[in-house]
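Those sequence lines, one after another, are chains H and P. To get this note's numbering, take the position in the first sequence, counting from 1, and add 24. To get this note's numbering, take the position in the second sequence, counting from 1, and add 24. All residues carry an ideal CB built from backbone N, CA and C; glycine is no exception.
There are 2 protein chains.
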Amino acid sequence: MTTTLHVCTTCRAGEVLEEDAPRPGAQLHAALTQADAPKGVKIVAVECLSACSQGAAVALSEPGKWTYVYGRLTAADTPDILAGAAAYAASGDGLVPWRERPVIFRKQSLARIPPMETNS
Amino acid sequence: MTTTLHVCTTCRAGEVLEEDAPRPGAQLHAALTQADAPKGVKIVAVECLSACSQGAAVALSEPGKWTYVYGRLTAADTPDILAGAAAYAASGDGLVPWRERPVIFRKQSLARIPPMETNS
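Next comes the structure, spelled out in C-alpha cells:
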C-alpha cells in the first residue's frame, strides 16, 4: 500500500489575492514535489480540502490507517511535512507516537478519521 | 457499502468542564443514536477526531467516496446531521449537490479528503 499526501493547491490560506497571484496552496505543493518524496509516499494535488480558513492544508491517508488533516502550513514547513509523512507511512495504523511527530503535526491537526471499515 | 457517521464522544467543544460532567460530544452522540439512523448509515462513536477546538465534530466516510468532517455541532443539529448523512449515503461519490446540503454542512466543514486509491 502507498501513503497519499494530498495537498490542496487552490488554498488562499485566508489571504485576499489577485486572481492570478500564486496561491499559498500551490506554492506548498510545488515545494513538496520539488523535494524528495519519502519512500512509500505519493504526493497528489487536490482542488480544495474544504479547510479554507485553516489552510494551506494537507491530508495523509492510506487504506487501513487513520487519516489525518493538517492546516496552517506554508512552504517553509516542507521538511517537517515530509518527515511526518515518512513516519506515517512507516506506521502500521497511521498512529505515530506523539514524540515522533513533527511539532506542526502535534499542534496543527485539523481532524483525524478512523480507518474505513471495508468489510461492511 | 455502508456510510459511517463517526461521532467524537470525548469532545469538550472548547468548554472547561468538570471531569465527570457530560461532554458535548457524548451528548451529540446520544442524540444521534436516539434518533432513527438513515438507511445505509451506521453511527459509530470514536474517542477524539482531533478537531478539539472546533468540536463537537462528526465525520462521514464510505469506501470509494470523499470523506467529510464537520464541526461546531451540538445535539440540536441532530436532524440536520442525519439528513446530511442520508444525502451522503445516497450519493455516488460523497459529493452532494450544494443546495441539497444542510446549512451546517455548507458552513461548518472542517475538511474533506478525496477517496482512497485502493488499487495502488
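If you run the structure through DSSP and keep just helix, strand and coil, what is residue i?
i, result
"lysine 131 of chain P", "helix"
"cysteine 32 of chain P", "strand"
"serine 144 of chain P", "Per-residue confidence for serine 144 of chain P stands at a pLDDT of 45, beneath the threshold of 50, marking its modelled position as unreliable; the derived number appears in the next sentence. Correct three-state label for serine 144 of chain P: coil."
"alanine 107 of chain H", "helix"
"leucine 197 of chain P", "Summary: the structure shown does not reach residue 197 of chain P, with chain P confined to residues 25 through 144, and so no result is reported for it."
"serine 77 of chain H", "helix"
"alanine 113 of chain H", "helix"
"alanine 45 of chain P", "coil"
"alanine 37 of chain H", "coil"
"arginine 125 of chain H", "coil"
"alanine 61 of chain H", "coil"
"threonine 98 of chain P", "coil"
Mind pulling the chain H residues with CB within less than 7 Å of residue i?
i, result
"histidine 30 of chain P", "Ile137 and Pro138"
So with CB distances below 8 Å, who are the chain P contacts of residue i?
i, result
"glutamate 124 of chain H", "Within 8 Å Cβ-Cβ: nothing; glutamate 124 of chain H doesn't reach chain P, min ~16 Å."
For residue i, which residues does DSSP report across the bridge?
i, result
"arginine 136 of chain H", "H:Tyr92"
"lysine 66 of chain H", "H:Thr28"
"serine 85 of chain H", "H:Thr28"
By the criterion of Cβ-Cβ separation under 9 Å, what are the contact partners of residue i in chain P?
i, result
"serine 133 of chain H", "Ser74, Ala75 and Cys76"
"alanine 81 of chain H", "Ala135"
Going by alpha carbons, who is nearest to residue i out of the options?
i, options, result
"arginine 125 of chain P", "P:His30, P:Ala111 and P:Pro62", "P:Ala111"
"glycine 38 of chain H", "H:Gly49, H:Ile67 and H:Thr28", "H:Gly49"
"glutamate 86 of chain P", "P:Asp44, P:His53, P:Asp101 and P:Gly118", "P:Gly118"
"glutamate 141 of chain P", "P:Ser77, P:Gly88, P:Ala113 and P:Leu73", "P:Gly88"
"glycine 79 of chain H", "H:Ile67, H:Pro121 and H:Asp101", "H:Asp101"
"alanine 69 of chain H", "H:Glu42, H:Asp60, H:Ala54 and H:Trp122", "H:Ala54"
"leucine 56 of chain H", "H:Pro121, H:Pro103 and H:Ala75", "H:Pro103"
"serine 74 of chain H", "H:Ala59, H:Ile67, H:Lys63 and H:Tyr94", "H:Tyr94"
"proline 138 of chain H", "P:Cys76, P:Arg123, P:Pro62 and P:Cys72", "P:Cys72"
"isoleucine 31 of chain P", "P:Val120, P:Cys76 and P:Ser115", "It should be noted that the sequence gives valine, not isoleucine, for residue 31 of chain P. Comparing Cα-Cα distances from valine 31 of chain P to each of P:Val120, P:Cys76 and P:Ser115, the minimum goes to P:Cys76."
"alanine 61 of chain H", "H:Arg36, H:Ala109, H:Gln132 and H:Val120", "H:Ala109"
"methionine 25 of chain P", "P:Ala59, P:Lys63, P:Ala45 and P:Gln58", "P:Lys63"
"threonine 33 of chain H", "H:Leu52, H:Glu43 and H:Ile67", "H:Leu52"
Tell me, to the nearest whole angstrom, how far the beta carbon of residue i is from that of residue j; I am working on the premise that it is less than 8 Å.
i, j, result
"leucine 97 of chain P", "isoleucine 128 of chain P", "7 Å"
"arginine 136 of chain H", "threonine 91 of chain H", "6 Å"
"leucine 29 of chain P", "valine 82 of chain P", "6 Å"
"valine 65 of chain H", "alanine 113 of chain H", "5 Å"
Residues of chain H with CB closer than 8 Å to the CB of residue i, please, in chain order.
i, result
"valine 70 of chain P", "Pro138"
Closer than 7 Å by beta-carbon distance: list the chain P residues that pair up with residue i, in chain order.
i, result
"threonine 91 of chain H", "Thr91 and Ile137"
"serine 85 of chain H", "Ile137 and Met140"
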